[in-house]
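Notes follow once the structure below has been shown.
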Amino acid sequence: MSTRTPQPNGAVARSLAQVGACGLFLLTLLAAIPRSFRHGRETIRQVWFVGAMSLTIIMVCGLFVGMVLMLQLYHVLSIFGGTSASGMVVALSVYRELGPVVTALLFAGRAGTSITAEIGLMRATDQIDAMEMMAVDPVAYVATPRFLAGLIAMPLLCCVFSAMAVFGGHLVGVTWLGIDNGTFWSNMTAVVDVHTDIVNGILLKSLAFGAVVSLIAVFQGFTTPPTSEGVAYATTRTVVASSIAILALDFVLTAFLM
Amino acid sequence: MTQSDRSPPDDSSLVKVRGLTTVLNGKTIFDALDLDIPRGKVTAIMGPSGTGKTTLLKHITGQMRADAGSIHVNGENVAQLSRERLFKLREGIGYLFQNSALLTDFDVFENVAFPLRQHTKLPEELIRNLVLMKLQAVGLRGAARLMPDELSGGMARRVALARAIVFDPMLILYDEPFVGLDPVALNQVLKLIRTLNQTLGITSVLVAHELAAVQQVADHVFLIANGKVVAQGDPRAIANDGSPWTRQFFGGGADGPVPFQYPAGDYAEALGFKGAGA
């Protein structure tokens with residue numbers, strides 16, 4: 050119909066309507082995946098854009114998170130004479146929680162916002178309508194490649210973040226505070242479990258977070274009002290909704306995976 | 002899609018609009034509108050701002066659904082087409098957007114090549130030649146490697162026109178094609194619309210306000226107001242048909258059936274003067 054869809058009254062009802070619309074949009078995205086395979090180059094371009102272009106911020110933040118974590122742990126554990134375990138605790142914290150969560154929050158801020166703004170501006174300047182008019186499905190050409198790119202890039206970025214955090218912990222713990230290098234690595238390798246910590250922690254969580262952040266970013270871009278204010282609000286909503294979704298989903302996943 | 006794939010011109014009208022009714026935000030845009038776009042002709046849609054000219058183009062291309070009525074394009078009811086069939090139909094329709102709508106990630110060449118790359122598996126050499134031919138036609142072959150943000154408004158419009166005709170469509174819809182063009186570019190675009198129509202037999206529909214330009218290029222004009230066709234005919238004669246609509250619209254008069262003010266409440270009351278003298 051040409052009339053606008055009536056909006057429900059009340060903030061809660063509007064939020065629920067947004068969640069419902071986002072769920073329907075996810076179905077559209079998933080249905081468009083087979084059609085998007087013919088735009089493989091666009092997907093690769095987006096992996097470069099949201100993944101490789103986010104490497105600097107991910108690496109720098111990972112390094113500092115690991116360094117701060119080691120400083121705090123060393124201070125606390127030294128009270129109990131357990132500083133030799135600090136490397137192990139850094140690794141477990143990063144693999145299970147901090148790695149996926151902080152990477153996803155950074156990803157939402159760096160890549161999610163740019164995806165929303167880019168698609169929103171494409172809508173505001175009729176580029177999405179132009180694609181429709183050229184018989185090119187914008188969901189398959191614009192939305193799905195960005196969604197898939199987020200799905201691919203997030204676990205990779207999370208691996209890089211975690212590696213840099215462990216390196217940061219090593220830098221502070223071993224090089225600066227004098228923890229024995231052998232103790233640092235042997236305690237870590239003895240406790241870290243590939244399935245529980247790497248697969249469930251880094252891979253599974255970051256895949257889930259990547260899907261959620263990419264979905265929210267693409268959805269907000271596609272549904273933004275075609276105005277400069279609309280794009281600004283949509284970009285803000287991407288960060289806010291992604292942050293809440295990441296932390297809530299982290300609790301749910303942790304509860305199920307522990 | 003090639004010209005031969007399309008159904009034969011068994012009807013003189015390529016686009017048939019019947020009983021089109023559209024209500025947007027409580028305002029009636031079209032009220033049982035009927036019109037026929039003749040095949041192989043240049044038809045102009047004119048009317049006051051906000052009268053729904055662009056909306057009509059969106060209905061024809063299936064971008065918007067009407068509340069009632071039907072639109073048949075080349076014999077197919079647009080509202081009843083599946084998405085696949087609608088996309089197939091659109092491959093035969095070129096659309097020139099008001100703001101050009103060029104893809105900002107691509108340069109001029111890639112913008113024009115975009116539909117070819119998406120719908121054909123033509124060799125790169127052939128795509129290159131087709132794109133250069135279309136760019137030559139709009140006078141912008143030398144701008145092939147410029148990005149959209151390096152183009153003036155008129156140049157962007159001509160690039161969009163090259164993109165719209167890259168498939169040699171059966172129907173081209175021009176949404177305000179003359180806005181922002183200098184006299185040289187305007188004449189070139191007029192000539193191009195005419196040439197495309199005469200040499201390829203492309204049916205053209207243009208939404209415009211410039212009567213002088215329309216008189217040079219169009220075969221038939223529809224004047225739309227109040228949701229209906231209020232006048233139609235030869236563009237060189239319509240301005241003098243004597244109806245109050247055409248007299249006011251083409252004469253630019255402030256008084257007449259075309260309201261200048263958007264519907265609103267009492268002016269004095271809005272300014273707080275109601276009852277001030279009592």
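Chains as they are written, first to last, in the working numbering: chain Z, 50 to 307; chain U, 2 to 279. Glycine is no exception: its CB is placed at the ideal position from the N, C-alpha and C atoms.
Chain-ordered, the chain U residues with CB closer than 9 Å to the CB of Val185(Z) read Phe88, Phe115, Pro116, Gln119, His120. Of the residues assessed, Ser127(Z) falls on the exposed side of the cut-off, its CB having fewer than 16 other CB atoms within 10 angstroms. Taking a Cβ-Cβ threshold of 7 Å, none of the residues of chain Z is close to Thr204(U); the smallest such distance is about 16 Å. Taking a contact to require three or more Cβ pairs closer than 8 Å, the segment 208 to 221 of chain Z and the segment 157 to 168 of chain Z do not qualify as touching. Taking CB atoms only, Asp178(Z) has a neighbour in chain U less than 8 Å away. Counting only residues of its own chain and dropping the five nearest sequence neighbours on each side, Arg158(U) has a CB closer than 6 Å to the CB of Ser101. About 16 Å separates the CB atoms of Ala33(U) and Gly48(U); that is not less than 8 Å, and the two are not in contact. Against Ala102(U), the close residues of chain Z are Thr174, Asp175, Gln176, Asp178, Ala179, in the order they occur along the chain (beta-carbon pairs closer than 8 Å). In the DSSP assignment, Glu77(U) forms a beta bridge with Val74(U). Going by beta carbons, Gly218(Z) and Met119(Z) fall inside the 8 Å limit. Gly270(Z) counts as buried, since no fewer than 16 other beta carbons sit within 10 angstroms of its beta carbon. Taking the beta carbon of Glu92(U) as reference, the chain Z residues within 9 Å of it are Met183, Ala184, listed in sequence order. Annotated three-state conformation of Ser277(Z) is helix, per DSSP. Gly51(U) and Leu57(U) have their C-alpha atoms some 11 Å from each other. Contact of Thr105(U) with chain Z is assigned, a C-beta pair being separated by under 8 Å. Under the 8 Å criterion on CB atoms, Tyr96(U) is classed as interfacial with respect to chain Z. Here the alpha carbon of Ala257(Z) sits roughly 41 Å from the alpha carbon of Asp68(U). The bridge partners DSSP lists for Ile94(U) are Leu172(U). If you draw a straight line from the Cα of Val185(U) to the Cα of Val113(U), it is about 22 Å long. The beta carbon of Asn236(Z) is closer than 7 Å to those of Ser133, Ala134, Gly136, Met137 in its chain, skipping five residues each way along the sequence. Close to Gln64(U), with beta-carbon spacing below 8 Å, are these residues of chain Z in chain order: Asp178, Glu181, Met182.
With respect to the C-alpha of Gly169(Z), the residue from Gly279(Z), Arg286(Z), Thr285(Z), Leu298(Z) having the closest C-alpha is Gly279(Z). Burial check for Tyr190(Z): the Cβ neighbour count within 10 Å reaches 16 or more, so the residue is buried. When DSSP states are grouped into helix, strand and coil, Met307(Z) belongs to the coil group. Rounded to the nearest angstrom, the gap between the Cα atoms of Lys229(U) and Met156(U) is 34 Å. Inclusion of Leu36(U) and Val18(U) in the CB contact set at 8 Å is warranted, their separation being smaller than that value. Scanning Ala304(Z), Ile201(Z), Ile177(Z), Phe216(Z) for the CA closest to the CA of Val143(Z) turns up Phe216(Z). By the Cβ neighbour-count rule, Ser263(Z) is buried, with 16 or more other Cβ atoms within 10 Å of its own.
Residue ranges of uninterrupted beta strand (DSSP E) with 3 or more members are absent from the segment 86 to 131 of chain Z; none lies entirely inside it. Nearest in C-alpha terms to Glu167(Z), of all of Gly227(Z), Ala281(Z), Phe305(Z), Gly100(Z), is Ala281(Z). Under the three-state reduction of DSSP, Val185(Z) is assigned to coil, being neither helix nor strand. Between Ile164(Z) and Arg145(Z), the C-beta gap is not smaller than 8 Å, which leaves the two residues out of contact.
Counted as a single uninterrupted DSSP element, the alpha helix (DSSP H) harbouring Ala202(Z) occupies residues 193 to 219. Minimum Cα-Cα distance from Thr121(U) among the listed residues Ile46(U), Lys89(U), Val180(U), Ala271(U) corresponds to Lys89(U).
The Cβ-Cβ distance between Val109(U) and Arg146(U) falls below 8 Å. Per DSSP, the unbroken alpha helix (DSSP H) holding Val132(U) starts and ends at 125 to 138.
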